[in-house]
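A.B. asks:
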Amino acid sequence: MKERIVLAKKWIMGRSQRDQFYIFLAGLGFIYFMFVIFFYHPLLHENTDLSSKISDLNSQKSSIQQQMDTVSHAIEDPIFIQMIDEQKRLTENLQIVESKLLRLKPRIIQAKNIPSIIDNILTVANPSIDFVKLEELPVEAWLKGDVDKATLAEIVNQDLYQHSFRIEFISDYFNTINYFKSIEKLPWPIYWDSMEYTVQKYPLADVIIKFHVLSIQKS
Numbered sequence: 112m113k114e115r116i117v118l119a120k121k122w123i124m125g126r127s128q129r130d131q132f133y134i135f136l137a138g139l140g141f142i143y144f145m146f147v148i149f150f151y152h153p154l155l156h157e158n159t160d161l162s163s164k165i166s167d168l169n170s171q172k173s174s175i176q177q178q179m180d181t182v183s184h185a186i187e188d189p190i191f192i193q194m195i196d197e198q199k200r201l202t203e204n205l206q207i208v209e210s211k212l213l214r215l216k217p218r219i220i221q222a223k224n225i226p227s228i229i230d231n232i233l234t235v236a237n238p239s240i241d242f243v244k245l246e247e248l249p250v251e252a253w254l255k256g257d258v259d260k261a262t263l264a265e266i267v268n269q270d271l272y273q274h275s276f277r278i279e280f281i282s283d284y285f286n287t288i289n290y291f292k293s294i295e296k297l298p299w300p301i302y303w304d305s306m307e308y309t310v311q312k313y314p315l316a317d318v319i320i321k322f323h324v325l326s327i328q329k330s
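Quick note on numbering: the sequence shown equals residues 112 to 330 in our numbering.
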C-alpha cells in the first residue's frame, strides 16, 4: 500500500503543473462526491424525517390541547358537576343496596326438618306461656314474580318456598319477650312476619305471631 502511494506521488510530481492542478481538482471533486453520497444525502434524509415527525407531533400537541381545553370547560360546567355528583350518589346507593341484599341472602332448610322446628318452638316456652292454637299456613313461592327473580338472580339461583306458621298463645309482656328470645336462640333460620299483642285482662294478653322458614322443597 505504501509503495503504491509513493509511486502515485512520483507519477503526479512527474506531471506538469497544469496536469497537477487538474489532478488536484479531480481529487477535490471525488472527495466532494464521496461526501455527498455517504454523508450529505443520509443527513438530508434524516433531517427530512425529523422535520416530518416534528410537524406530526406539533399537530398532535395542538389536537390534545384543544381536547384539554374542551374538557377543562366541560368540567367547570355546573351541569357536568351535577351529573358527576349524581353518578357518585347513585353508585354509593347501589353499593349500599347490594350490601343489604347480600346480608339478606336467605338460609334454607330441608322440609323434613320443619316438624323438628315446630317442636323446638313449642318446647322452649316457659310454663307461663299458654298455647291456644298452632296453624300451618299454605306454602307459597318466596319470590312472587319474574321481576323479583331477575332482581335477586345473583343471590337466589333456585326456586324457594316459604313455609309459614301462625301461633296464638296467652301470656304477659315479659314472658312473651323471653319466649321470643328463646326462639331466636334456636339453631334454625326463622323469619318473623308479624305479631299481634292484645291485652285481654291485665297483665295477660292474647299474642299471635306469624313466622316462616325457607326451603327448596315445597312439601
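Backbone N, C-alpha and C define an ideal beta-carbon position, used for all residues, glycine too.
#1: Once DSSP output is grouped into helix, strand and coil, what is the label at ALA222?
#2: Since PRO314 and ASP283 are thought to touch, with beta carbons under 8 Å apart, how far apart are those beta carbons, to the nearest angstrom?
#3: If you reduce the DSSP assignment to three classes, tell me which class TYR290 lands in.
#4: Output yes or no for whether 9 Å exceeds the beta carbon distance between ILE222 and LYS321.
#5: Does the stretch 243-252 come into contact with the stretch 284-293, if we say contact requires no fewer than three beta-carbon pairs (one atom in each stretch) closer than 8 Å?
#6: Between LEU245 and the rest of its own chain, which residues show a CB-CB distance below 6 Å, the 5 nearest in sequence each way excluded?
#7: Do ILE229 and PHE285 have their C-beta atoms closer together than 9 Å?
#8: Do ILE195 and ILE240 have their C-beta atoms within less than 9 Å of each other?
#9: For a quick check, are the C-beta atoms of TYR272 and SER227 less than 9 Å apart?
#10: Leaving out the 5 sequence neighbours to the left and right, which residues in its chain are closer than 8 Å to ALA236 when beta-carbon positions are compared?
#11: To which residues of the same chain is LYS172 closer than 8 Å at the C-beta, ignoring the five residues directly before and after it?
#12: Spatial neighbours of ILE220 within its chain, please: C-beta separation below 8 Å, excluding the five flanking residues on both sides.
#13: Which residue comes first and which comes last in the beta strand (DSSP E) that contains TYR308?
#14: Where does ILE232 land, buried or exposed, given buried means 16+ other C-beta within 10 angstroms?
#15: So what's ILE327 in DSSP terms, helix, strand or just coil?
#16: Taking the beta carbon of VAL310 as the centre, do at least 16 other beta carbons fall within 10 Å, making it buried, or is it exposed?
#17: Are TYR308 and THR287 close, meaning C-beta to C-beta below 9 Å?
#18: Whole angstroms is fine: what's the gap from THR234's alpha carbon to THR202's?
#19: Can you tell me which of the three DSSP states LEU254 falls into?
#20: For SER81, does the three-state DSSP call read helix, strand or coil?
C.D. replies: Considering the structure as presented:
#1: helix
#2: 4 Å
#3: helix
#4: Sequence inspection shows Ala at residue 222; the Ile mentioned does not correspond to that position. Against a cut-off of 9 Å, the Cβ pair of LYS321 and ALA222 comes out as no contact.
#5: no
#6: ILE278
#7: no
#8: no
#9: no
#10: PHE242, PHE280, TYR290 and SER293
#11: none
#12: ILE228, TRP299, PRO300, VAL324, LEU325 and SER326
#13: 302-312
#14: buried
#15: coil
#16: exposed
#17: yes
#18: 48 Å
#19: coil
#20: No answer is possible for residue 81: the residues shown for the chain start at 112 and end at 330.
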